[in-house]
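Read in the numbering used here, the sequence shown has 105 at position 104, and its numbers run on one by one without any break.
Only one structure is covered here, and it is reproduced in the block below.
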Amino acid sequence: MKEDVSAKNYHGDEVFPYVCKFRHIDKNFISLLPKLEIYIPTVLQLNDPLEGALAEGYLYSLDTPLVKSEIELYLQSVGVYSVSVHKSRWHSSNFLPMWAAYANNHQGICMVFKRKPLTDDRYRWLKVEYITHPHNHSGGQPQHMQPPTFTPDLFGNAQAKLAKKYDYWRHEHELRLIAQPGCTGHQAMDQFFDLHALVFGFDAKPSEILKVLNKLPKDTKHKLMNADDMGIFQVVKPNALFMIQSLNNLRPSLKLA
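This is the structure we're talking about:
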């Protein structure tokens with residue numbers, strides 16, 4: 002069976018050890034904090050998971066081709082947890098468009114994670130490849146991507162389908178955690194990540210910040226407030242430079258010694 006390079010399990014921990022997740026501060030997010038969970042939605046639950054370049058047509062390498070509807074039905078149950086990639090100096094990566102789009106216009110939060118090696122074959126990392134949209138190029142020719150050759154490996158098919166997006170999504174710097182059907186929904190964060198830092202948007206309200214922090218387990222708050230290069234921060238309203246400031250002044254409100 003020919004292996005699709007784009008569907009390989011992506012490691013790259015040495016290149017992208019840190020990733021971030023931008024969120025609104027809402028009841029669904031708050032509910033994940035006491036047990037340190039993440040929520041992996043299915044493709045069916047997402048608004049735009051298939052906006053990539055591989056939606057046009059199907060090719061088959063099977064003697065008896067799989068039915069297109071069978072492939073699509075499987076794909077609807079696959080989980081997709083999207084994060085943005087950071088290099089080693091995570092605190093210098095601003096991603097301002099992400100704050101606006103996914104963190105309630107700078108009123109939300111960015112969770113900075115340090116990725117762990119995957120030990121469960123039911124999950125795969127995919128680094129999204131961005132290609133030029135046919136209507137979004139100047140001068141040169143746009144890229145025309147050949148749809149993948151589908152095989153009996155439905156999970157491999159799903160990875161191939163979800164590995165590419167058009168270039169107008171390039172600002173997301175997306176890395177996708179792909180989960181097999183039945184491995185979605187609420188999952189323990191420590192299967193995939195260590196929580197490294199919390200960064201609040203420059204318009205996040207103090208009451209919302211405290212609501213988030215006081216839902217965290219006490220040992221997690223201690224770790225964030227006392228370890229090197231980790232912590233609880235807030236974005237300084239950006240002008241020419243992107244900056245964050247530590248929120249150590251919250252220690253009394255968090256009942257931390």
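All residues carry an ideal CB built from backbone N, CA and C; glycine is no exception.
- The residues 34, in chain order, have a CB closer than 7 Å to that of residue 217 in the same chain once the five nearest residues on each side in sequence are set aside.
- Within the model, the alpha-carbon separation for residue 79 versus residue 231 is close to 33 Å.
- Cβ neighbours of residue 26 within its own chain (closer than 8 Å, five residues either side excluded): 105, 108, 109, 110, 205, 209, 212 and 213.
- Counting along the chain, residue 40 sits inside the beta strand (DSSP E) bounded by residues 38-41.
- When the five nearest sequence neighbours on each side are left out, the beta carbons in the same chain lying within less than 6 Å of the beta carbon of residue 233 are those of 199, 225 and 248, in order along the chain.
- Pairing residue 193 with residue 176, the inter-Cα distance amounts to about 13 Å.
- Taking C-beta atoms as the reference points, residue 166 and residue 124 fail to come closer than 7 Å.
- Where residue 244 is concerned, the enclosing beta strand (DSSP E) starts and stops at 244-247.
- DSSP places residue 254 outside both helix and strand once states are collapsed to three, so it counts as coil.
- For residue 195, the uninterrupted beta strand (DSSP E) segment begins and ends at 194-201.
- If the five residues before and after residue 37 are omitted, its C-beta is found closer than 8 Å to the C-beta atoms of 189, 190, 191, 196, 217, 218 and 221, all from its own chain and listed in chain order.
- Taken through DSSP and simplified to helix, strand or coil, residue 17 comes out as coil.
- The beta carbon of residue 117 sits closer than 8 Å to the beta carbons of 191, 192, 193, 194 and 195 from its chain, once the five residues preceding and following it are set aside; these are given in chain order.
- Using a Cβ distance threshold of 7 Å, residue 23 and residue 86 do not count as a contacting pair.
- In the displayed model, residue 157 falls within a helix according to three-state DSSP.
- With 16 or more other Cβ atoms inside 10 Å of its own Cβ, residue 173 counts as buried.
- For the pair residue 180 and residue 41, the CB atoms are nearer than the 7 Å cut-off.
- Taking residue 171 as the centre and dropping the five residues before and after it, the same chain places the C-beta of 131 closer than 7 Å to its C-beta, in chain order.
- Here DSSP, grouped into helix, strand and coil, assigns residue 164 to coil.
- In the structure shown, residue 213 adopts helical secondary structure according to DSSP, grouped into three states.
- Under DSSP, residue 115 forms a beta bridge with 19 and 195.
- Taking C-beta separations shorter than 6 Å and ignoring five residues to either side along the sequence, the partners of residue 201 in its chain run 110, 210 and 235, following chain order.
- Going by DSSP, residue 131 is part of no alpha helix (DSSP H) but of the beta strand (DSSP E) stretching over 130-132.
- Per DSSP, the continuous beta strand (DSSP E) segment holding residue 87 begins and ends at 80-87.
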